[in-house]
Each structure stands twice: as C-alpha cells, then as structure tokens.
Amino acid sequence: MKNRVKIFSFVAILVMVLFASCYTPNPLYGTWTDNDGNKIQFIDDGTFSAMIKDSDNKLVSYSGDWTTVDNVLIFTIKGDSNYTRNTEWDLRGAMLYLTWTANNNTKMLVLYHTAR
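Read in order, the letters of the sequence shown correspond to residues 5 to 120 in my numbering.
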C-alpha cells in the first residue's frame with residue numbers, strides 16, 4: 005500500500021511540473037513607454053492599446069490584436085478599417101525597439117518597460 009501512495013505522489017508531482025513548465029510568459033506583456041509620450045500596452049489575452057504621436061506631434065489612439073512569430077511582431081489594428089502591420093522587434097533588457105507604422109505614420113520607437 006505504501007508503494008502505491010509513493011508512486012501516485014511521484015506521478016502527481018511529475019504531472020504538475022510538466023504542466024507548469026509548458027507555460028512561457030511572453031516578455032512583451034505589460035506597458036511600454038518612452039519620454040515622448042508614446043505608449044503601448046500588451047495584454048496577455050492577445051490585445052493591445054497604444055498611444056503614438058503622429059507627424060503633427062498629436063497622440064493617436066490605436067487598439068487591436070497582437071501576436072509574435074519569432075522576432076516579427078504582428079499588429080492587427082482595429083478601427084474604421086482593420087489592417088495588419090508587421091514589424092521586427094528587439095528586446096534588450098527592459099528596452100523594446102520596434103518600428104511603428106499606421107495611418108501613414110512611421111516611427112522608430114525605443115520603449116521602456118514601465119509596468120507588468
């Protein structure tokens with residue numbers, strides 16, 4: 005009887021460790037901002053919200069879905085017309101480098117991780 009309990013306990017612990025090790029949080033989750041007022045919030049449900057300055061220096065609000073494939077960040081921006089933008093992203097410590105392109109607005113962004 006003791007051997008069955010030991011085996012069952014071992015198997016239960018092994019299964020818990022297996023399930024816990026399968027989840028890998030995305031390093032992009034959270035809020036990223038810069039000193040110019042640009043901000044992107046990546047939510048773990050696959051949505052995002054962003055405030056990005058346009059060429060007239062006005063903050064424009066964007067929202068939609070996001071996903072990553074390797075080092076490509078894919079934004080599906082929702083609004084009057086849905087469209088998709090792909091950009092390469094690079095994470096160096098707590099700094100996120102990416103090119104934002106939407107509504108004829110292209111900016112090279114360097115954002116700091118300010119909240120999880």
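The C-beta atom is built at its ideal place from N, Cα and C for all residues, glycine as well.
For the putative contact between residue i and residue j, defined by C-beta atoms under 8 Å, what is the C-beta separation to the nearest angstrom?
| i | j | result |
| --- | --- | --- |
| F79 | T88 | 7 Å |
| I56 | W104 | 5 Å |
Under a three-way DSSP split, which group does residue i fall into?
| i | result |
| --- | --- |
| N90 | strand |
| R96 | strand |
| S13 | helix |
Note down the Cα distance separating residue i from residue j, rounded to an integer number of angstroms.
| i | j | result |
| --- | --- | --- |
| W70 | D40 | 23 Å |
| N86 | R96 | 30 Å |
| K111 | G68 | 19 Å |
| L115 | N75 | 16 Å |
| G34 | N90 | 20 Å |
Buried or exposed for residue i, please, with buried defined as at least 16 other CB atoms from any protein chain shown within 10 angstroms of its CB.
| i | result |
| --- | --- |
| S54 | At residue 54 the sequence reads Ala, which differs from the Ser that was named. Classification for A54: buried. |
Can you tell me which residues form a DSSP beta bridge with residue i?
| i | result |
| --- | --- |
| I47 | Partner(s): none; I47 has no beta bridge. |
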